[in-house]
Amino acid sequence: MSRKSPYTSFITLTAFLLGILFIYTASSKLMHLEIFQLRLERMPQLPPIAHWIAWLIPFTELVIAGLLLIPKYRLAGMYASLILLGIFTGYIILVLQTSDSVPCSCGGVLSALGWRHHILLNACFMAMSLIAIILNTKQYRNKILDKHTT
Numbered sequence: 001m002s003r004k005s006p007y008t009s010f011i012t013l014t015a016f017l018l019g020i021l022f023i024y025t026a027s028s029k030l031m032h033l034e035i036f037q038l039r040l041e042r043m044p045q046l047p048p049i050a051h052w053i054a055w056l057i058p059f060t061e062l063v064i065a066g067l068l069l070i071p072k073y074r075l076a077g078m079y080a081s082l083i084l085l086g087i088f089t090g091y092i093i094l095v096l097q098t099s100d101s102v103p104c105s106c107g108g109v110l111s112a113l114g115w116r117h118h119i120l121l122n123a124c125f126m127a128m129s130l131i132a133i134i135l136n137t138k139q140y141r142n143k144i145l146d147k148h149t150t
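For reference, each letter of the sequence shown is one residue, going 1 to 150 in full-length UniProt numbering.
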């Protein structure tokens, strides 16, 4: 019987947590699509494309969740998670620096977070994604080395 390495366990846990996060946020946006779109229209630089973004973001989140939950595509999902969270976090920081008011476009439990806490939560998920990517790469290299040494 083989035991899972701590690397594999961390990668799996990270994928699971990110998958839950993206499924939760996507379904929250889709259940309240009109409100989400209205809030996007109030954000700086977004009104002309708010309708498209209102559909694109939850769709992208669901695709990423799917990638994360299928082991074969998990690494791609980790990279996509890191990129999407990075873009969103960068946008939040930019808006906080340049605007007096920032309308919230999140729902459910996440809407209870202030923007600074939201940035911290995103940073934690981004760090987990980055660590999982590094561990996955290290695990892959170890498998390759094992094949060449046996």
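Backbone N, C-alpha and C fix where the C-beta goes; we use that ideal spot for every residue, glycine too.
Note that the structure is predicted; figures quoted are calculated from it, not measured.
Residue i, DSSP secondary structure in three states
i: residue 93; result: helix
i: residue 99; result: coil
i: residue 118; result: helix
i: residue 53; result: helix
i: residue 37; result: helix
i: residue 27; result: helix
Of the listed residues the options, nearest to residue i (C-alpha basis)
i: residue 63; options: 77, 5 and 114; result: 77
i: residue 28; options: 68, 127, 61 and 94; result: 61
i: residue 116; options: 96, 66 and 141; result: 96
i: residue 126; options: 89, 112 and 98; result: 89
i: residue 124; options: 81, 99 and 49; result: 81
i: residue 43; options: 99, 114, 113 and 72; result: 99
i: residue 9; options: 71, 141, 32 and 113; result: 71
Whether residue i touches residue j by CB criterion (7 angstroms)
i: residue 68; j: residue 15; result: yes
i: residue 119; j: residue 83; result: no
i: residue 30; j: residue 58; result: yes
i: residue 11; j: residue 130; result: no
i: residue 122; j: residue 85; result: yes
i: residue 46; j: residue 38; result: no
7 angstroms Cβ cutoff, residue i in contact with chain B
i: residue 122; result: Absent from the structure: chain B. Only one protein chain is present.
Inter-stretch contact (C-beta, 8 angstroms, three-pair minimum) for the segment 43-54 and the segment 15-24 | no
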